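2 protein chains.
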Amino acid sequence: MTSTTAAYEARAQEYIDALGTMDAVHPVDRAIVDAWADEVSGPVLDAGCGPGQWTAHLAGRGLDVRGIDLAPRFVEHARATHPGIRFEVASIDELPDADALFGGVLAWFSTIHHSPDRIGVALRGCARALRPGGELLLGFFVGAAPEPFDHAVTRAWRWPVAELTRELDAAGFDVLEAQTRETRGARPVGSLRCERRV
Amino acid sequence: MTSTTAAYEARAQEYIDALGTMDAVHPVDRAIVDAWADEVSGPVLDAGCGPGQWTAHLAGRGLDVRGIDLAPRFVEHARATHPGIRFEVASIDELPDADALFGGVLAWFSTIHHSPDRIGVALRGCARALRPGGELLLGFFVGAAPEPFDHAVTRAWRWPVAELTRELDAAGFDVLEAQTRETRGARPVGSLRCERRV
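Chains A and B, in that order, are what the protein sequence lines are. With full-length UniProt numbering, letter number 29 in the first sequence gets 29, and the count goes up by one each step, no holes. With full-length UniProt numbering, letter number 95 in the second sequence gets 95, and the count goes up by one each step, no holes.
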């Protein structure tokens, strides 16, 4: 178990209580994910699904979706809370038997703990899992430079949109849409919707 | 009639056909406006309402809303299409008898034709129309510097978020939330949600 996974395991219930349902989601984030989901065709992977709230939301919109997370407590909670949806313990870095399987991958704040020298592994993992033309939607923290900060659970990284766009390009993606939001008193966030190059 | 108004008058029907209903709205923009509208209390002004599609949308969500626009053809269309909602020919720069009347002002791409030396007039007009604590939601085109460009109807301006934030501050607003979106093949857009300082 990595130190990041261990940190989530240790605070899983606290995280589930605070963020485990769609009630905790900013309405604009919901619209961003829904707009992406409405364009995706084929099976969808919620990579780094945590307690599974987005997985269940997407299933409720009629998508064929499954979730993975590295933290067994999240997967256990997701299975119990959302029976009928497939959840597994797995890493976004090494998706097993998933080559070109998915039409869409949601990585919603799932790569925030990847340092700049490791982010490429996760993004290439997403690219490999997608069919050509499939779409990745990435949520992340925005900053003026790739730099670490003390996230509630464990160290995370913030990224400029331009820098993450370069990493996505190197992993085989074309960026279709970039969005940012800065709310007073909160960390700036962003999303990048990108297409796996054919 | 200003040259901007004349330009809209000349192409009013074309504009109505292309952008006159909510079908033409990006789903994320709808979520941004709805999230703002859900927090507003008191009467709302759709300033620069064009054909009135947002005015009607907000009325449909239960808001007490009226619309103003400088182009008589837009106001005529809005009145005919959305009877029961009050629309008037008026300028965002000089809102008559509106001092501290509104709980919210929507200026959705309504100040895009204001040059940097005139934007303050519009923003102060919005501030004057709002009750203390009332909220302005501003939609605009984003650029690296305040610079003009050839908009479909007539010359418009793009703004960096930081620069427009300074203009809003000078007009008596605190910015609560800034959002941007850059879609491949489209002009970058942004929104600023701000509160009239008490």
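Glycine included, C-beta positions come from ideal geometry on N, C-alpha and C. Predicted, not measured: the structure shown is a model, and the values here were computed from it.
- Under the DSSP assignment, A/E135 falls in the beta strand (DSSP E) whose first and last residues are 130-142.
- A direct Cα-Cα distance of roughly 14 Å separates B/A6 from B/A90.
- Contact between A/L168 and A/A129 does not hold, since the beta-carbon distance rounds to 14 Å and is not under 8 Å.
- At a cut-off of 3 residues, the continuous stretches assigned as beta strand (DSSP E) that sit fully inside the segment 138-193 of chain A are 147-150, 155-159, 173-183.
- Here B/Q13 is exposed, its C-beta having fewer than 16 other C-beta atoms within 10 Å.
- Around B/A145, no beta-carbon contact reaches into chain A at under 9 Å, the shortest distance being about 17 Å.
- Below the 9 Å Cβ cutoff, chain A contributes A31, I32, D34, A35, D38 as neighbours of B/P27, in chain order.
- Comparing C-alpha distances from B/H26 to each of A/S3, A/R30, A/A35, A/G20 shows the shortest one belongs to A/A35.
- DSSP places B/R66 in the strand class (E or B) of the three-state scheme.
- Of all residues in the UniProt domain "Methyltransferase" (44-134) of chain B, none is placed with a Cβ closer than 8 Å to any Cβ belonging to chain A.
- Between A/S115 and A/R158, the alpha-carbon positions lie close to 9 Å from each other.
- Apart from sequence neighbours up to five positions away, the residues of its chain that approach B/P148 with a beta-carbon distance below 6 Å are R155, W157, ordered along the chain.
- In the DSSP annotation of this structure, the continuous segment of the beta strand (DSSP E) that includes A/E88 starts and ends at 87-89.
- Proximity of B/E177 to chain A, defined by a Cβ-Cβ separation below 9 Å, is satisfied.
- Nearest Cα to B/A10 within the set B/T55, B/G103, B/P72: B/P72.
- Contact between A/I92 and A/A47 is confirmed by a C-beta separation of about 4 Å, below the 8 Å threshold.
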